[in-house]
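The listed protein sequences derive, respectively, from chains Z, Y and C. Using the working numbering, the first residue of the first sequence is number 4, and each one after it goes up by one. Using the working numbering, the first residue of the second sequence is number 2, and each one after it goes up by one. Using the working numbering, the first residue of the third sequence is number 106, and each one after it goes up by one. Note that beta-carbon positions come from the ideal geometry of N, C-alpha and C, so glycine has one too. Since the structure is predicted, the reported quantities are computational estimates derived from the model, not experimental observations. The block underneath contains the structure these notes are about, expressed in structure tokens.
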Amino acid sequence: MKMHVKNRNVAIIGIGQTSFSSHKEDQNQAEMVQEAVIRALADAGLKIGDIDCIVHGNMELFEMQFAPDLWHSLGTGAYGKDEYRITTGGTTGATLVCAADNLVASGLYNTVLAIGMEKLQEGNTTGGITNMADPLWFRNLQTGALTGTTAQEMIDEFGEERAKRAAMRYRIMMDKHAMLNPRAHRRFGLEYSQMEDLMANSPPLVGELRLIHMCSQSDGACAMIFTSEEKVKQGTKNPPVWIRDHIQIHREETIPNLFGFNKPEVTHHYAARTLFARNGIQDPVAYFDVFEMYDPSAWWAVDWLREFFLLKGDEHLRMLEAGDFDLDGRIPINPSGGVIASNPIGATAMLRPAEAALQIRGDAGGHQIKKEVRHALASGFGGTFWSVLMILEKELNWQEVSHD
Amino acid sequence: MTEYFGTTVADIFATMPKRFKPEEAKEVDIAIGYEATGEGGGKWKATIKHGTLKVETVEGELTDCKTTIHTDAETFVGVTLGMIGALDALSSQKLRVAGDPKFLMLLLPKIFTPYVAPAKKPDAVTARDIIATLAERFRPEKAEGVAMTIGYDLAGEGGGRWTIIIRDGKCAVREGLADPLTVKMTMEAKTYAGMMVGTIEAVTAFTSGQVKIEGDMAAAGATAKYFRKYVVPGATEAEELISLRVTNSIEQRFATGPVMGRWFAGIREKKFLANRCPKCGRTQIPPREICAWCRVRVHEFVEVGPKGVVTHFDIVYFASPDPLTGAVRDTPYATVYVVLDGATEREAITVDLKKEDIPRLKEGARVRPVWAEVTTGSYRDLIGVELDEEEGSL
Amino acid sequence: MATKRVAICAVAQHKNDSDLWHKRFQGMLLDVLEELQAQTGFTFDEETGVNTIVSCSDDFFDARTISDNGVTDVLGAQYRGEEKMAQEGLNAVGYAQAVILSGYADLVLVMGHCKESQSESRRMIANMGFDPFYGRAVGLDNLNAAALQARAYMKKAGLTEEQLAGIVVRARQFAARNPYANAREIVEAGTVIASPQLCDPIRQLHAYPVSDGAVGMLLASEERAAEFTDKPVWIAGFANCMDSYFLGDRDLTANFALKQAAGRAYRKAGIADPKKEIGLVEVMDAYAYQQPLWLEGLGLCGDGKGARFLDQGGQEKYRVNLSGGMLAGNPVIIAGLYRAAEAALQLKGEAGERQAPDLHRAVAHSTTGAAGQFHSVLILER
């Protein structure tokens, strides 16, 4: 596997999130962005003058705002600075982190501020996602990102009862995590005793995908600040979190050819396999202390855990059932409550590394994992099953790992 | 002092005397204990007696309190500011009340002005009170041409059964449930009240199954716009925040090009023309300029179908609105993935299934296309597929 | 240790056209991709090929959320990394340079496309680039914002109708030698001056024509460039800069953002005096008045001296827009990417009939937003 050598190391030194809500009538888009930026600067102990470059991303057609970085510059602080706007759909937030990593590692910029945002209530989200489809064909058929096929496949593979319980256990676990995160948008206070009731009574969307399984539509923004190892050595307000490696895997335009008689390798699996191999990580479950996964629905989440951790058969279900993914489990998933709890799309995939970094710092507050977090995995999802995966580290000592 | 949401627990107690409304508390005789755990927390006791208020910090046990509130400092501030729903905090046990919580929720907003002006507390307004204001909140200008009957079955205290009749620009409220109803909504009375005063998000309640809707879902969603927003009596209305409603539309004219163009020419003749990769042999439907796997240009066209096999399907209960027109389809409908005869095994096509065939749909079913009467070379030519039962299933 | 320099190994341009009604943009990009592969022989091999693609397109112009999803196939991005520069395409070159310098990739494919003809009103799209409360409501778009700037600048620089017409006449003369240009017909000054006002003082022939196009480039690390070309063009510096959003907050003739961007790019390239060290310039002149204005911002012409610059042959001295420039027609989303492609061809000595002799350094420029809210500057050298 081709190894790349980073020109220089890059650390996350500041994180700012707005709260996530289905209505933010008290802020316009630029003001909402500014809230996240101010928080990230405060977290890093920096002023806007310390930032060399801004990276901005969201999806234009959700808010129907063309080239939104121009107006949003009132909130991003880009005035007088270098600025890039990079987008890749649902993966945008994760791509922005990759881009900031690249820009700092390149040596062209020392300190970069990345901002992902979405104000979904200002447009039609499901309609916006449906606009992904080719206008000539399929746009008339797509229903946003809603599908029940994964549920059906899991039911076929593991039996109805076990599959449904797994999805609902994951969903309630996410709510329990979200309840500990005051910024999370949807916090229901669900209990495992409600499992049967929700399995039967939550309104169905598509097949066995029910409303309770699906992610929210939120307004919100996330900002992160990145800097070089040289700058980190001059001192940081909070402990730095290092970006060890990232990988972005896209695939072709069509979706239906994921639903033939057999499937190509899932992009998540390809991304994980490639990333772990080139970093010498043989047992991801043992290596990582937390995984912030882009989980658009409970069904997808359960299914994808198998792909990301390169598990076989029903290992992922057994781990879920044993509580391995709980906050105090072997490898906690989404202590933040995940995408299911909060989903401002352009920021969503950035919240994954942001939350993972907070876990490494020990600054996650109510949803902090009790044991020490040294190695974190974060993922993004978007497009037609596009995958972004990145490894965050507490220490700059990973060479040892890659050579064992 | 540790801050949560930009303020402290201590400040909330420090401002209590300023926010106290003695004239509302003439009949009140109560001592309330507060215990807020964690950083910035502490214990406080508020004694309210015949229009007077005494707030004191307490070391050690809280004694002689009719009611005590136990929570962590963050939740306390969050609930006070309305950043955390009080009901959410109660149901998750993050906030516990020894004594009667309902009584407190009734009393406190009455005798104190809110800590932060726009913050609204869940009130003791009942669903019955809110239903009683429906007729006066009706907006005939929004309900022009609307004719519907909405049933509410609200269980528990303050609940009941009502029918709202909207017709000819008028609104009437009747006790009991009429038959037939356009839509019927069943929930706890307190859930309804919570949604109306803004302490419970409607989407949240619906998602978690707290609200059951029978009948026309779209009608249920539309009802809100026929009425002015409910305002809790005595509450000062929050500053009105103006939202702009705009429909943006840009005319587009799409080229189909020689590859998609060929597909549409086939569709016009009621034929499925896939293009076949010269390297891996896969049949692309609809055809693309290139095979993404092999990264080679694809020239050869082959006819596949017209019949095929269902590999997967989606029964859709939630119809996505058309992004341009906002029109919503009837539910449920079925979207099926079909590998057409002669197509390679991964290359499914997505189409709608005829509605009447949904009950008999299963994986492996054989289907045949249903074409429009007049075909013009667009996606509208293919209405969908129907089960092809003469041949049996796989 | 990662590479120190990044090369543009090859460029390929789709001919600009007012209405490529017979082709999807996927097909346009595929033509460009195949030409790049023919020139260089690069592959998408996991070990030795292109694993990172930086695309450039726009959701509004393509009328689809995630516009890069519509072209993943023809970018070769199947199970590879792809990122979309959602700004003008010159920034994709700047970003691709960073990706290579970072060590993450040693080859990057840059691919941009736009079919302006697909949207029946590019002005409507530009209007949606303003805030929904004020800017859109007063009907601002790039044309009428530019007209405000044109009037202010003509007054400051003493620019005349005749000089504006001269810029257009000259652009067409060069465009006639550029097989990729859209508007290649020679025009007379009188025709320009007689063309109807679009938004006073901007006349129809002062404005770039609606265009469809696609551009691609292969970038490589210094270590690998020789595998793909014997005439690498090196990226010496890139920078961009954002100005304030509200037109009223800006001095529209002051070139604040462009001066910042150019200053930073020159510094990176080690250029102390651009007037002495730049041999060729490709500026993104969406409207005729912008050519001298942006040249002021690039430091090749004194502040407010645009008119004198034109009279004294400044355009020939700095070989301004030998491609015909944007006035000859490029889509707004990738007009700067076309500038970079043309500058690279000139430095390679592959610019055909429009080739300038003895070139060492060239500048490519682009701008986005109303009246140049955002500028990007790329310095290339042989």
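What did DSSP end up calling residue i once you bin it into helix, strand or coil?
i              : result
residue 32(Z)  : helix
residue 447(C) : helix
residue 77(Y)  : helix
residue 176(Y) : strand
residue 19(Y)  : helix
residue 359(Y) : helix
residue 312(Y) : strand
residue 253(Y) : strand
residue 236(Z) : helix
residue 224(C) : strand
residue 281(Y) : coil
For residue i, which of the options has the nearest alpha-carbon?
i              : options                        : result
residue 165(C) : 219(C), 443(C), 432(C)         : 219(C)
residue 330(Y) : 317(Y), 342(Y), 340(Y)         : 317(Y)
residue 337(Z) : 292(Z), 250(Z), 116(Z)         : 292(Z)
residue 343(C) : 469(C), 248(C), 146(C)         : 469(C)
residue 416(C) : 376(C), 230(C), 263(C)         : 263(C)
residue 232(C) : 391(Z), 21(Z), 67(Z)           : 67(Z)
residue 377(Z) : 384(Z), 371(Z), 370(Z), 363(Z) : 363(Z)
residue 466(C) : 389(C), 404(C), 339(C)         : 339(C)
residue 32(Z)  : 17(Z), 72(Z), 54(Z), 9(Z)      : 72(Z)
residue 383(C) : 482(C), 271(C), 157(C), 439(C) : 482(C)
residue 313(Z) : 331(Z), 280(Z), 341(Z)         : 280(Z)
Could you tell me the distance, in whole angstroms, from the CA atom of residue i to the CA atom of residue j?
i              : j              : result
residue 478(C) : residue 361(C) : 9 Å
residue 497(C) : residue 251(Z) : In this structure chain C extends from 106 to 487, so residue 497(C) is not present and cannot be described.
residue 118(C) : residue 208(Z) : 46 Å
residue 484(C) : residue 269(C) : 27 Å
residue 274(Y) : residue 265(Y) : 9 Å
residue 136(Z) : residue 95(Z)  : 18 Å
residue 291(C) : residue 396(C) : 19 Å
residue 449(C) : residue 255(Z) : 31 Å
residue 129(C) : residue 257(Y) : 6 Å
residue 11(Y)  : residue 114(Y) : 17 Å
Any beta-carbon of chain C closer than 8 Å to the one on residue i?
i              : result
residue 253(Y) : yes
residue 294(Y) : yes
residue 379(Y) : no
residue 401(Z) : no
residue 286(Y) : no
Beta-carbon of residue i versus every beta-carbon of chain Z: anything under 8 Å?
i              : result
residue 9(Y)   : no
residue 169(C) : yes
residue 242(Y) : yes
residue 261(Y) : yes
Quick one: list the residues of chain C neighbouring residue i, beta-carbon separation under 8 Å, in chain order.
i              : result
residue 249(Y) : 233
residue 258(Y) : 127, 128, 129, 131, 132
Are any of the Cβ atoms in chain Y nearer than 8 Å to that of residue i?
i              : result
residue 319(C) : no
residue 147(C) : no
residue 188(C) : no
residue 40(Z)  : no
residue 140(Z) : yes
residue 157(C) : no
So which residues on chain Y does residue i lean against when the C-beta distance must stay under 8 Å?
i              : result
residue 237(C) : 245, 247
residue 135(C) : 290, 291, 298
Anything in chain Z within Cβ reach of residue i, meaning under 7 Å, just list it in chain order.
i              : result
residue 423(C) : Near residue 423(C) there are no residues of chain Z at all, since even the closest Cβ is about 25 Å away, more than 7 Å.
residue 349(Y) : 259, 260, 262, 263
Check the Cβ of residue i against every Cβ in chain C and list those closer than 7 Å, keeping chain order.
i             : result
residue 88(Z) : 191, 192
Residues of chain Z with a CB under 9 Å from the CB of residue i: which are they?
i              : result
residue 346(Y) : 263, 264, 265
Name the chain Y residues that come within less than 7 Å of residue i, Cβ to Cβ?
i              : result
residue 216(C) : In chain order: nothing, as chain Y lies at least about 13 Å away.
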